Amino acid sequence: MAASREEKNHARRVVRHLAKHYADAECALNYDSPFQLLIATILSAQCTDERVNIVTADLFAQYPTAHDLAQATQKQVEKIVKSAGFYRAKAKNIRNCAKQLVEKYDGEIPLELEALTALPGVGRKTGNVLLGTAFGIPSGVVVDTHVGRISRRLGIAFEKDPVKVERELMAVLPKKEWIYYSHRMIHHGRAICDARKPLCEDCSMKRFCPRIGVK
DNA sequence: ATCCCGAGGG
DNA sequence: CCCTCTGGAT
């Protein structure tokens, strides 16, 4: 479905305000390589970035590369990532991820979204984060809970399913804004547009936010 | 009780 | 479409 001129104008107005108020917003995850960003992003599911950074400080000190992590046992990894939640599944996924990277790509990160999402624990959100943030390739729009929630509150997206929200955003946002949009939305979500108690009075976009009564 | 930069399976 | 995985913070 094609986005109307009005929808695009509304979206661009939001983009301009985000650019002004969150000019230097960037990824809050700590990492020293694309591989580490991949692992940190997998660990970030249903977990704060702050908590992920605590976990990865230990994890990357012991297993800095795919080759290192591929050698670790399930128990060793579980112990380190436990506080990030979903720890059995996450430990299994990042270990298998490291193994597959070593086997298929000699420890390097493939640059195609399909190759990334074929890795265990890597979905569209993680794949888009990696290509966009580590390599500057806008393969799609990163849609996490913040991006979805705020895009809906602002009337830029309407669907609930993150994949559908991504399609809505791709239709209405200029491609070169895709990467920045998500980082800025995430910062806005933490600073102002909180899930539970949004600080609407302090929000720079309240004039054109149709939120009142919108989930 | 609800949410945090989700993904995979049924 | 739904459910489950899991701990920590508020």
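Residue numbers (this note's numbering): 1080 to 1294.
The C-beta atom is built at its ideal place from N, Cα and C for all residues, glycine as well.
Predicted model, so just to flag it, every value in this text is computed and none were measured.
Report the rounded CA-to-CA distance for A1163 versus R1084, giving the unit in angstroms. One-based indexing of the first sequence puts residue 1163 at position 84. One-based indexing of the first sequence puts residue 1084 at position 5. Straight-line Cα distance between these residues: approximately 42 Å.
On the three-state DSSP scale, how would you describe S1230? In the first sequence, counting from the first residue as 1, residue 1230 sits at position 151. In this structure, S1230 counts as helix in the three-state DSSP scheme.
Around the C-beta of K1169, are 16 or more other C-beta atoms found within 10 angstroms, so that it is buried, or is it exposed? Within the first sequence, residue 1169 is the residue found at index 90, counting from 1. Buried: at least 16 other Cβ atoms inside 10 Å.
If we ignore side chains and look at the alpha-carbon of each, how far apart do C1288 and R1092 end up? Here residue 1288 refers to the residue found at position 209 when the first sequence is read from its first residue. Here residue 1092 refers to the residue found at position 13 when the first sequence is read from its first residue. Between C1288 and R1092, the C-alpha separation is close to 11 Å.
Proximity to L1097 [Cα-Cα], best of S1261, K1276, P1277 and C1279: Translated into positions along the first sequence, residue 1097 becomes position 18. It is S1261 whose Cα lies nearest to the Cα of L1097.
Span of the alpha helix (DSSP H) around F1237: In the first sequence, counting from the first residue as 1, residue 1237 sits at position 158. Where F1237 is concerned, there is no enclosing alpha helix (DSSP H), given that its DSSP letter is neither H nor E.
Grab the span of the alpha helix (DSSP H) containing S1261 for me, first residue to last. Position 182 of the first sequence holds residue 1261. Looking at the DSSP string, the run of the alpha helix (DSSP H) that includes S1261 is W1257 to A1270.
Touching or not, the region 1097–1112 and the region 1171–1178, by the rule of three or more beta carbon pairs under 8 Å? As far as the Cβ criterion goes, the region 1097–1112 does not touch the region 1171–1178, which means the pair count is below three.
Write down the C-beta distance between R1203 and G1219 rounded to the nearest angstrom, noting that I regard them as a contact closer than 8 Å. In the first sequence, the residue the question calls residue 1203 occupies position 124. In the first sequence, the residue the question calls residue 1219 occupies position 140. About 6 Å separates the two Cβ atoms, so the contact holds.
Which two residues bound the contiguous alpha helix (DSSP H) that contains I1173? Looking up residue 1173 in the first sequence gives position 94. Y1166 to Y1184 is the extent of the alpha helix (DSSP H) around I1173.
Among T1127, V1222 and E1191, which has the Cα closest to the Cα of Y1259? Position 180 of the first sequence holds residue 1259. Answer by Cα proximity: V1222.
So, is V1201 buried or exposed, given that buried needs 16 or more other C-beta atoms within 10 angstroms? Counting from one through the first sequence, the residue named residue 1201 turns up at place 122. Buried, because 16 or more other Cβ atoms sit within 10 Å of the Cβ of V1201.
For L1117 versus I1188, is the C-beta distance shorter than 8 Å? Taking the first sequence and counting its residues from 1, the one referred to as residue 1117 is at position 38. Taking the first sequence and counting its residues from 1, the one referred to as residue 1188 is at position 109. Yes, the Cβ-Cβ distance between L1117 and I1188 is below 8 Å.
Between which residues of its own chain and V1244 is the CB-CB distance below 7 Å, once the five residues before and five after are set aside? As a first step, residue 1244 must be located in the first sequence, where it is residue number 165. Non-local beta-carbon contacts of V1244 in its own chain, meaning distances under 7 Å to residues more than five positions away in sequence, involve V1222, G1227, S1230, A1236 and E1238 in chain order.
Inspect the CB distances between the region 1122–1137 and the region 1145–1157 and report whether three or more fall short of 8 Å. No contact exists between the region 1122–1137 and the region 1145–1157.
Which first and last residues belong to the alpha helix (DSSP H) in which P1217 is found? Counted from its first residue, the first sequence places residue 1217 at position 138. For P1217, there is no enclosing alpha helix (DSSP H), as DSSP marks it with neither H nor E.
DSSP state of L1108 mapped onto helix, strand, coil: For the purposes of this step, residue 1108 is taken as residue 29 along the first sequence, with counting starting at 1. In the displayed model, L1108 falls within coil according to three-state DSSP, outside both helix and strand.
Look at the alpha carbon of K1183 and the alpha carbon of I1133, and state the distance between them as a whole number of angstroms. Looking up residue 1183 in the first sequence gives position 104. Looking up residue 1133 in the first sequence gives position 54. One C-alpha to the other measures close to 30 Å.
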